[in-house]
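Chemist: Take the sequence shown: its position 98, counting from 1, is numbered 98 in UniProt numbering, and each next residue is one higher.
Here it is, the structure, as structure tokens.
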Amino acid sequence: MNETSRASERLVHVPLQGRAYDILIGPGLIERAGGEITSRLKGRRAAIVTDENVAPLYLEALMDSLQTDGIEAVSLTLPTGEKTKSLEHLSTVCDMVLSARIERNDAVIALGGGVIGDLAGFAAGIVRRGVRFVQIPTSLLAQVDSSVGGKTGINTRHGKNLLGVFHQPDLVLADTAALDTLSEREFRAGYAEVAKYGLIDQPDFFEWLEKNWKAVFSGEPERIEAIARSCQSKSDVVVEDERETGRRALLNLGHTFGHALEAAVEYDGKRLVHGEGVAIGMVLAYQFSARMNLASPDDASRVEAHLKAVGLPTRISDIPGELPPTQRLLDAIAQDKKVKSGKLTFILTHGIGQSFVADDVPSSEVLSFLDEKRSR
Numbered sequence: 001m002n003e004t005s006r007a008s009e010r011l012v013h014v015p016l017q018g019r020a021y022d023i024l025i026g027p028g029l030i031e032r033a034g035g036e037i038t039s040r041l042k043g044r045r046a047a048i049v050t051d052e053n054v055a056p057l058y059l060e061a062l063m064d065s066l067q068t069d070g071i072e073a074v075s076l077t078l079p080t081g082e083k084t085k086s087l088e089h090l091s092t093v094c095d096m097v098l099s100a101r102i103e104r105n106d107a108v109i110a111l112g113g114g115v116i117g118d119l120a121g122f123a124a125g126i127v128r129r130g131v132r133f134v135q136i137p138t139s140l141l142a143q144v145d146s147s148v149g150g151k152t153g154i155n156t157r158h159g160k161n162l163l164g165v166f167h168q169p170d171l172v173l174a175d176t177a178a179l180d181t182l183s184e185r186e187f188r189a190g191y192a193e194v195a196k197y198g199l200i201d202q203p204d205f206f207e208w209l210e211k212n213w214k215a216v217f218s219g220e221p222e223r224i225e226a227i228a229r230s231c232q233s234k235s236d237v238v239v240e241d242e243r244e245t246g247r248r249a250l251l252n253l254g255h256t257f258g259h260a261l262e263a264a265v266e267y268d269g270k271r272l273v274h275g276e277g278v279a280i281g282m283v284l285a286y287q288f289s290a291r292m293n294l295a296s297p298d299d300a301s302r303v304e305a306h307l308k309a310v311g312l313p314t315r316i317s318d319i320p321g322e323l324p325p326t327q328r329l330l331d332a333i334a335q336d337k338k339v340k341s342g343k344l345t346f347i348l349t350h351g352i353g354q355s356f357v358a359d360d361v362p363s364s365e366v367l368s369f370l371d372e373k374r375s376r
């Protein structure tokens with residue numbers, strides 16, 4: 001790695017008691033992965049989980065790096081898409097990890113986006129009751145959100161991420177050069193999670209994004225800055241509330257609505273990907289907050305305007321194809337893991353950067369609100 005690349009690299013440390021780890025952010029990290037892993041982990045075996053889109057681009061470089069640094073590695077390439085987060089594929093991954101004789105000090109490595117990270121992390125958390133885990137996220141969404149914090153999971157017919165465990169990674173290598181191969185749609189979807197951090201509790205960051213989003217998209221130094229600020233924000237929350245018993249729930253801003261919309265399209269990535277669902281969900285959360293007289297409609301308009309400017313969908317009607325009846329959407333919300341004792345729980349807001357957990361939201365209000373919004 002040349003000096004220019006190293007100078008642009010950022011490190012975010014996640015100081016969890018007894019399970020601290022580093023997030024490295026910058027170009028060229030896949031080619032350096034072996035050295036970064038061996039400097040932190042004792043094991044010398046690894047099982048790599050990746051997908052059909054990522055494998056042709058980065059698997060060979062990663063395998064070469066691991067071999068150079070004395071790590072014996074095997075790999076498994078899975079189909080691309082949200083439907084890969086299934087019990088069937090979890091079983092396949094676990095079988096591969098066991099067949100590779102991965103011990104507790106060895107590592108499962110997730111090379112890919114959020115789907116691969118969630119699935120591989122779940123397997124790492126349950127094989128031998130927990131083996132080492134390294135995240136090498138190749139999508140913007142995974143680099144700023146799903147690769148950090150230890151949440152893993154798969155989907156079921158009942159909803160998204162309803163089976164899973166908390167299993168913190170031992171290292172995250174966010175190679176920003178990998179983002180250059182993303183489609184514009186994939187990058188935009190990841191950007192929704194970047195904007196989320198500003199909307200939760202950092203109004204200055206959201207304002208910075210409003211001014212600098214074009215530089216973030218074009219790959220200028222602002223891209224690394226945005227990723228680092230997002231990771232630092234998530235790290236701060238995770239350290240305070242690792243198991244989501246309090247403040248960490250704020251990271252779900254937009255996700256309760258968004259997950260319901262993803263379930264409504266049966267996780268069809270051609271119609272809606274996760275980040276797009278979150279974008280629509282965040283706008284809905286702000287609009288619902290305004291409807292409940294908790295926030296100004298001007299804030300909801302500002303959020304919608306920014307997300308629309310970067311090319312994200314912001315309305316339910318932006319989703320192509322037919323959607324199930326509104327009651328089905330409400331049923332998906334009621335099944336969501338943010339529900340407590342059967343009461344609807346949402347992340348709502350008093351304004352930009354002023355999100356809070358709202359318990360016991362009336363389902364009748366949500367139903368009429370969704371009916372109204374899906375007709376616009």
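Every residue gets a Cβ at the ideal spot worked out from N, C-alpha and C, and that includes glycine.
Enumerate, from N- to C-terminal direction, the unbroken alpha helix (DSSP H) stretches of 4 or more residues contained entirely within the UniProt domain "3-dehydroquinate synthase N-terminal" (76-188).
Modeler: Those alpha helix (DSSP H) runs which fall completely within the UniProt domain "3-dehydroquinate synthase N-terminal" (76-188) and span 4+ residues are 87-99 and 114-126.
Chemist: What is the DSSP secondary structure of residue 383, reduced to helix, strand or coil?
Modeler: Nothing about residue 383 can be read from this structure; the chain reaches only from 1 to 376.
Chemist: Starting from the N-terminal side, write out each stretch of the alpha helix (DSSP H) that is 4 residues or longer and does not extend beyond the region 197-224.
Modeler: Within the region 197-224, the complete alpha helix (DSSP H) runs of at least 4 residues are 203-218.
Chemist: Check residue 360 in the structure and name its three-state DSSP category.
Modeler: Reduced to three states, the DSSP call for residue 360 is coil.
Chemist: With a threshold of 8 Å, are at least 3 pairs of Cβ atoms found where one atom belongs to the region 169-189 and the other to the region 132-149?
Modeler: Segments in contact, yes.
Chemist: Helix, strand or coil for residue 269 per DSSP?
Modeler: Residue state, collapsed to three classes: coil.
Chemist: Could you tell me if residue 293 is buried or exposed, where buried requires 16 or more neighbouring beta carbons within 10 angstroms of its beta carbon?
Modeler: Flag for residue 293 reads exposed.
Chemist: Roughly how far, in whole angstroms, is the beta-carbon of residue 48 from the beta-carbon of residue 86, given that I think they are within contact range, below 8 Å?
Modeler: Not confirmed; about 19 Å, so no contact.
Chemist: Measure the CB-CB distance between residue 24 and residue 171 and report whether it falls below 9 Å.
Modeler: Closer than 9 Å, so yes.
Chemist: Cβ atoms of residue 284 and residue 272: under 9 Å apart, would you say?
Modeler: No, the pair does not count as a contact, with Cβ atoms beyond the cut-off.
Chemist: Cα separation between residue 148 and residue 134?
Modeler: In a straight line, the C-alpha of residue 148 is about 11 Å away from that of residue 134.
Chemist: Got a sec? Which residues, its chain only, sit under 8 Å from residue 127 by beta carbon, not counting five neighbours each side?
Modeler: Closer than 8 Å at Cβ, skipping near neighbours: 94, 97, 98, 102 and 108.
Chemist: So, for residue 360: in the same chain, excluding its five sequence neighbours on each side, which residues have a beta-carbon less than 6 Å away from its beta-carbon?
Modeler: Excluding sequence neighbours, residue 360 sits near 343.
Chemist: Put residue 248 into one of helix, strand or coil per three-state DSSP.
Modeler: Of the three classes helix, strand and coil, the one that applies to residue 248 here is helix, per DSSP.
Chemist: Does the Cβ of residue 453 have 16 or more other Cβ atoms within 10 Å, making it buried, or fewer, making it exposed?
Modeler: Outside the shown range of the chain (1 to 376) lies residue 453, about which nothing can therefore be said.
Chemist: Could you say if the region 193-203 and the region 152-168 meet the contact criterion of at least three C-beta pairs nearer than 8 Å?
Modeler: Result no; under three Cβ-Cβ pairs closer than 8 Å.
Chemist: Using DSSP with H/G/I as helix, E/B as strand and the rest coil, what is residue 296?
Modeler: Coil.
Chemist: What does DSSP give as the partner residues of residue 10 in its beta bridges?
Modeler: Partner(s): 25.
Chemist: Under the DSSP definition of a beta bridge, which residues are partnered with residue 45?
Modeler: Answer is 72.
Chemist: Please state whether DSSP places residue 62 in a helix, a strand or coil.
Modeler: Of the three classes helix, strand and coil, the one that applies to residue 62 here is helix, per DSSP.
Chemist: For residue 355, which of helix, strand or coil comes out of DSSP?
Modeler: If DSSP states are grouped into helix, strand and coil, residue 355 belongs with the strands.
Chemist: Would you mind working out which of 130, 281, 368 and 298 sits nearest residue 105, comparing C-alpha positions?
Modeler: Selected option, being the one with the closest Cα: 130.
Chemist: Do residue 159 and residue 274 have their beta-carbon atoms positioned less than 9 Å apart in this structure?
Modeler: Cβ distance not < 9 Å, so residue 274 and residue 159 don't count as in contact.
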